[in-house]
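Below is one structure, written out as structure tokens, with a few remarks after it.
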Amino acid sequence: MCGIIGYIGKEKAGDILIEGLRRLEYRGYDSAGIATIDNGQIKIIKSVGKLRQLEKILRNSSLSGNIGIGHTRWATHGKPSDENAHPHSDCHNQIVVVHNGIIENYIELREELIKKGHKIVSETDTEIIAHLIEEYHKNHSFEEAVSLSLKNLKGAYALGILHSQHPDTIIAARLGSPLIIGLGENEHFIASDIPAILSHTRQIIFLDEEEMAIIKADEVKVTDLNGCIKSKTFHQITWDPIMAEKDGYKHFMLKEIHEQPRAIEDTMRGNLKEDDIFLDEVKLSSEDIDKIKKVFIVACGTSYHAALVGKFMLEELSLIPTEVDIGSEFRYRQPLIDDKVLFITISQSGETADSIAALREAKRKGAKVISICNVLGSTITRESDGVIYTHAGPEIGVASTKAFTTQLVALYMFSIYLGRRKRALSPQKAKELILELRKLPQCVINVLKSAEEIKNYTKYYFKCNDFLFLGRGINYPIALEGALKLKEISYIHAEGYPAGEMKHGPIALIDENMPVVTIATESKVYDKILSNIEEVKARDGIVIALANSDNQRIMDIANHVTHISKINELLSPVLNVIPLQMLAYYIAEKRGCDVDQPRNLAKSVTVE
Ligand code: G6P
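Residues in the sequence shown are numbered from 1256 upward in steps of one, following my numbering.
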């Protein structure tokens, strides 16, 4: 997973590329580099480490040129090093390439190229692309050389390519990894995603699979790999660039946690009527709906936890059996999928390779596919029959927060929508559920008021080695999500467990050093959770509880209680996850961790 940026126009390319890379750093950050064409010569500057290393080198260099490409890397082939950092060039330093994705047949291609006399200097799969283009360029134009090379590649790529003899052209291409083109006035951009170029332009073209773009300052031509012109539509992006900045918060993650009332409101906006939900982009006809006998939800990471919550919502409100799986598991088993299955993919980025593969498999087997996604024009949305957009805005922190809560809202709305159309829900019941949903943004604001109190008590626990998170029913996935947040950003070992299973194993771990975070808001199994808390206390464990404010017994026995506003149980996960996000954040911050870019993780995992 990497970030790509490119510029051609009248400005100094280097500055624009660095600014773009800064916004893309969340996609990968073990090395970075840029290349420009300056007086007919390719100039490359690259460095292992975070972007600031590259910026330091740039400050002492005189890199000029009005055309360039840049890259921030998350290693897949070859360790993070100066040699393996992109851009990569051919033998004569005439062709230079930045790449996001994985070339699966690079070993064979590399051997063939070495036999032909090419000297390959890095361990990457990317470098061979520059050499392959060089090889074809001996007998073909630059454009043809690129398309012939692309036809030889197996795997996934988004590419930005320059040639020193063509200082007026960037060639971009995509297969399996995202790439957009930004349109300016006598200047054009390429990027892996929208925030990277939003401060320059709002007019965007999304490249599709196996498309190539030949980009000059005053012209963009999109073709297929045979050189046939493709006609493309422009999209006008309405995101505010300030939305992509930190807004005064110390980290993007904290900013994004506090954006949740707005993000939820935006996700609901326009879809709620008094006693029904309208989801125009879902595009299910009444025949499609009549056919549905089963729902299958597939996702990865935090989105998978949303899927687990969604199962409770869908089964209760639409009475349709719902199965949930992880993307990387689903694609290697043989679940029964046919045209009676409604398949839902949940993905913040819309580019997660395992989720895309699952979606394609479900489609191949005849299922209707809809996606819940935060990124307009992403691969998942384009390949789905219908979409519910979460309007969380760009999520920069690697640990997902507002994308998760908006996914839960989308699932809740979709469950009401399906319940009504399957006649499993009366208008009266739908009306009550919608009324509860309308209360949600204010309830989220109330939960966020506990930030200071949570920050305060983390001083007792930030040095702990292990945490246990317990929840039941619809809040069991929230225990999993709380544990995931803590491990992702603080590197503390944490496990999420269904509270009723504690007696079958985890209880052996409990002692005076073990914080046990327990979700104990009102529910069908509230009394049983209370007994679990008593069991932890009886073994000297530390109890951090989430509870509604009217429960005295929890106040008496827990070490800390965060008060949660009362809401319908199906929506309680949205409120309960927020203190767990804050708990993880403040612990990680006290441990001095890199909250927004935790080690070894990437925001969007576009490889298997
Ligand atoms: C990565 C991210 C997670 C995310 C997961 C799925 O692992 O670090 O935060 O939940 O991918 O991503 P998606 O974009 O499909 O929701």
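For each residue, glycine too, the CB sits at the ideal point set by N, CA and C. No experiment lies behind these values; they were computed from the predicted model shown.
C-alpha distance - residue i paired with residue j, whole-angstrom precision
i, j, result
"Pro1834", "Leu1741", "12 Å"
"Thr1773", "Ile1747", "17 Å"
"Ile1948", "Ala1608", "In the structure as shown, the chain begins at 1256 and stops at 1863. Residue 1948 is therefore absent and cannot be evaluated."
"Glu1536", "Leu1723", "40 Å"
"Tyr1587", "Ala1612", "10 Å"
"Leu1631", "Val1862", "20 Å"
"Phe1397", "Cys1483", "16 Å"
"His1818", "Val1702", "7 Å"
"Leu1434", "Gln1807", "55 Å"
"Gly1755", "Lys1783", "8 Å"
"Lys1549", "Tyr1672", "15 Å"
"Pro1335", "Ser1859", "18 Å"
"Leu1368", "Leu1462", "29 Å"
"Leu1438", "Gly1415", "16 Å"
"Ser1317", "Ile1299", "11 Å"
"Thr1381", "Asn1768", "48 Å"
"Gln1662", "Arg1314", "42 Å"
"Val1829", "Leu1563", "13 Å"
"Lys1476", "Lys1409", "24 Å"
"Trp1494", "Ala1518", "13 Å"
"Leu1692", "Glu1529", "11 Å"
"His1418", "Glu1359", "25 Å"
"Thr1880", "Ser1583", "Only positions 1256 to 1863 of the chain appear in the structure, and residue 1880 is not among them; the question remains open."
"Leu1403", "Leu1480", "8 Å"
"His1347", "Asp1849", "39 Å"
"Lys1821", "Gln1697", "11 Å"
"Thr1645", "Gly1737", "21 Å"
"Met1837", "Lys1566", "25 Å"
"Ser1681", "Thr1577", "21 Å"
Which residues DSSP lists as bridging residue i, in chain order
i, result
"Arg1328", "Ser1286"
"Val1579", "Ile1552"
"Glu1767", "The partner list for Glu1767 (beta bridge, DSSP) is empty, contrary to what the question assumes."
"Ser1302", "Ala1287"
"Asn1355", "Ala1413"
"Ser1602", "Cys1628"
"Pro1753", "Gly1726"
"Ser1344", "Val1351"
"Met1467", "Ala1428 and Thr1478"
"Val1772", "Phe1724 and Ile1799"
"Gln1491", "Gln1458"
"Val1596", "Lys1549"
"Leu1527", "Ile1532"
"Lys1792", "Answer is none; Lys1792 lacks a bridge partner."
"Gln1296", "Asp1293"
"Lys1623", "Leu1597"
Selection from the options that minimises the alpha carbon distance to residue i
i, options, result
"Val1553", "Val1475, Ile1601 and Thr1817", "Ile1601"
"Ser1827", "Met1568, Glu1389, Leu1368 and Ile1297", "Met1568"
"Phe1598", "Glu1650, Ser1820, Leu1539 and Ser1633", "Leu1539"
"Thr1660", "Lys1298, Thr1522, Gln1296 and Arg1675", "Thr1522"
"Gln1420", "Gly1525, Tyr1840, Ser1573 and Asp1293", "Asp1293"
"Met1757", "Leu1725, Ile1729 and Glu1743", "Leu1725"
"Arg1676", "Leu1417, Glu1844, Asp1545 and Ala1562", "Asp1545"
"Ile1575", "Glu1310, Ala1679 and Thr1634", "Ala1679"
"Gly1431", "Leu1453, Phe1444, Asn1441 and Glu1464", "Glu1464"
"Ile1449", "Lys1618, Glu1650 and Glu1584", "Glu1650"
"Ile1627", "Cys1555, Glu1570, Ser1573 and Ile1592", "Cys1555"
"Gln1852", "Ser1377, Gly1652, Glu1844 and Ala1839", "Gly1652"
"Phe1444", "Leu1387, Lys1505 and Ile1324", "Ile1324"
"Arg1429", "His1455, Ser1404, Glu1440 and Met1467", "Met1467"
"Tyr1840", "Leu1509, Val1791 and Ile1812", "Leu1509"
"Asp1805", "Ala1857, Leu1480, Glu1777 and Ala1665", "Glu1777"
"Glu1687", "Thr1291, Ser1402 and Leu1572", "Leu1572"
"Leu1825", "Val1352, Ala1738, Gly1751 and Ala1685", "Ala1685"
"Glu1224", "Ala1857, Glu1606 and Ile1362", "Outside the displayed range of the chain (1256 to 1863) lies residue 1224, so it cannot be described from this structure."
"Ala1561", "Gly1621, Leu1666 and His1332", "Leu1666"
"Leu1453", "Gly1295, Leu1272, Ile1388 and Asn1787", "Leu1272"
"Ile1765", "Val1780, Leu1801, Asp1721 and Asp1593", "Asp1721"
"Glu1280", "Gln1308, Tyr1262 and Gln1296", "Gln1308"
Residue i: CB within 7 Å of a non-hydrogen atom of ligand 3
i, result
"Leu1785", "Questions concerning ligand 3 fall outside what the structure shown contains, since the ligands it does hold are ligand 1."
Which whole runs of the alpha helix (DSSP H) in the stretch 1795–1819 are 4 residues long or more, in chain order?
1807–1812
Taking only runs of the beta strand (DSSP E) that begin and end inside the stretch 1385–1449, which ones reach a length of at least 3 residues, in chain order?
1412–1418, 1425–1430, 1435–1438 and 1443–1446
Decide yes or no for the touch test of the stretch 1448–1464 against the stretch 1485–1493: beta carbon pairs closer than 8 Å, at least 3 of them.
yes
Can you confirm whether the stretch 1264–1274 touches the stretch 1332–1348 when touching is taken to mean that 3 or more C-beta pairs between the two stretches lie within less than 8 Å?
no
Note down, one range per segment and in chain order, each beta strand (DSSP E) of at least 3 residues found wholly within the stretch 1674–1748.
1721–1726
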